[in-house]
Amino acid sequence: MTTRAIPARVAGVLEELELRRPKLVTVALLADVIATRAAGVAVRYVADTLQRRGWLLPLRTAGAWEFAPAARAGAYGAGDPYIELRATLLRRPGLPIAVAEESAAWLHGLLERRPDREVIAAPRGVAPPKALSEFRCVRIDSHLPAAEVDGLPVWRLETLLVAMAARPSAFRPWATVSEWLPDAFLGAAAADIEIEIQGRSGATLARLGHLARAAGATEVERLLAMRSASLDPGPFYLGPRSRSAVWDPVWRVRDSVLGGKKLGP
């Protein structure tokens with residue numbers, strides 16, 4: 000156990016932070032606490048003191064720190080892989096960034112193993128701040144607003160499924176898809192999938208129809224079938240172009256990922 004000293008001038012501030020237990024502390028939060036617990040003490044002094052003593056842990060996001068409460072018995076982070084994203088969004092709440100691809104699948108409880116590298120999505124023309132450079136960033140626009148999972152903006156299941164069909168190469172853990180694809184479709188609303196597919200390519204619709212068929216998602220497949228008359232004849236591809244790819248004559252998809260498996264009922 001590491002003993003961290005509590006300077007008298009900031010003791011009230013630290014006591015208030017322990018009561019509130021924020022994951023993150025910003026300059027604005029410190030100013031608010033100081034106003035009631037340490038009036039007249041400079042924010043910079045409090046921030047520098049608490050950081051030197053191991054109560055505030057530095058982040059790449061300017062003006063934000065991770066709070067290390069006494070319960071951690073030292074200057075240790077919580078190991079939250081999204082801490083920089085949380086800090087960025089706390090400082091810039093209007094930034095249109097969401098957790099995406101396999102990271103979204105993980106937060107929705109579909110994957111058993113956390114991704115090796117977390118993924119975010121940002122619209123074209125929006126540059127993620129440097130504090131998020133360790134995240135993989137994809138440029139896939141969504142029509143649906145993000146869901147909130149664990150206090151983070153996260154792709155909805157409908158957006159995830161459509162994105163997997165739109166750009167399969169951007170989704171990495173295809174080897175595990177057969178384990179959870181039916182659950183993903185079960186949790187998705189057909190009406191929201193209809194919104195998310197607006198303006199998508201014929202290849203996207205075909206691959207999504209093929210995935211829905213494999214997962215036994217008949218309502219979604221019927222919805223897509225109503226639009227299939229306008230599709231070009233293909234063929235479309237899911238996975239690498241391989242001689243071992245299985246042909247789906249309904250959706251005209253050559254599938255080297257699922258291998259023709261029927262995953263759902």
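First residue of the sequence shown: 0, per numbering that gives the first Met the number 0; consecutive thereafter.
Even for Gly, the Cβ is constructed at its ideal location relative to N, Cα and C.
No experiment lies behind these values; they were computed from the predicted model shown.
Query	Result
By DSSP, does T60 sit in helix, in strand, or in coil?	coil
DSSP state of G78, grouped into three classes?	coil
Going by Cα to Cα distance, which pick from L23, K22, A69, V40 is closest to A4?	A69
Pop quiz: R253 and P234 are said to be a contact at Cβ under 8 Å. What is the actual Cβ separation, rounded to whole angstroms?	5 Å
What is the rounded straight-line gap between the Cα of M0 and the Cα of E100?	Low confidence applies to M0: its pLDDT is 48, below 50, so where it sits in the model is not reliable, and the reading given next is rough at best. Cα to Cα, M0 sits roughly 39 Å from E100.
Which runs of the beta strand (DSSP E), 3 residues or longer, sit entirely within the region 182–226?	none
Applying the criterion that 16 or more other CB atoms from any shown protein chain within 10 Å of the CB defines a buried residue, is R112 buried or exposed?	exposed
Comparing alpha-carbon positions, which option in I194, R199, W154, A169 lies nearest A183?	W154
With distances taken Cα to Cα, identify the nearest neighbour of E14 among L49, A74, V26, A27.	L49
I'd like to check one pair, L207 with A164: are the Cβ atoms closer than 8 Å?	yes
As a quick exercise: from A202, G198, I192, S168, pick the residue whose alpha carbon is nearest that of A216.	I192
Whose C-alpha, out of G73, I82, H209, S229, is nearest the C-alpha of R251?	H209
Using only CA atoms, which one of L151, R51, K22 lies nearest to A77?	K22
Secondary structure at P239, three-state DSSP: helix, strand or coil?	coil
Return the first residue and the last residue of the beta strand (DSSP E) that R135 is part of.	135–137
Applying the criterion that 16 or more other CB atoms from any shown protein chain within 10 Å of the CB defines a buried residue, is W246 buried or exposed?	exposed
Would the beta-carbon of A63 fall within 8 Å of that of A74?	no
Since A120 sits in a beta bridge, which residues does DSSP pair it with?	A97, V137
The alpha helix (DSSP H) spanning L265 covers which residue range?	Outside the displayed span of the chain (0 to 264) sits residue 265, for which this structure offers no information.
When the Cα atoms are used, what is the spatial distance from A187 to E195?	11 Å
Given a cut-off of 8 Å, decide if L180 and A214 are closer than it, judged by their beta-carbon atoms.	yes
Distance, Cα to Cα, P167 vs A103?	15 Å
The beta strand (DSSP E) that contains D149, what's its start and end?	Counting along the chain, D149 falls outside any beta strand (DSSP E), and DSSP gives it neither H nor E.
What would DSSP say about D115, mapped onto helix, strand or coil?	coil
Are V24 and L55 closer than 8 Å when you measure CB to CB?	yes
Quick check on D247: does DSSP put it in helix, strand or coil?	strand
Residues bridged to V40 by DSSP?	Answer is none; V40 lacks a bridge partner.
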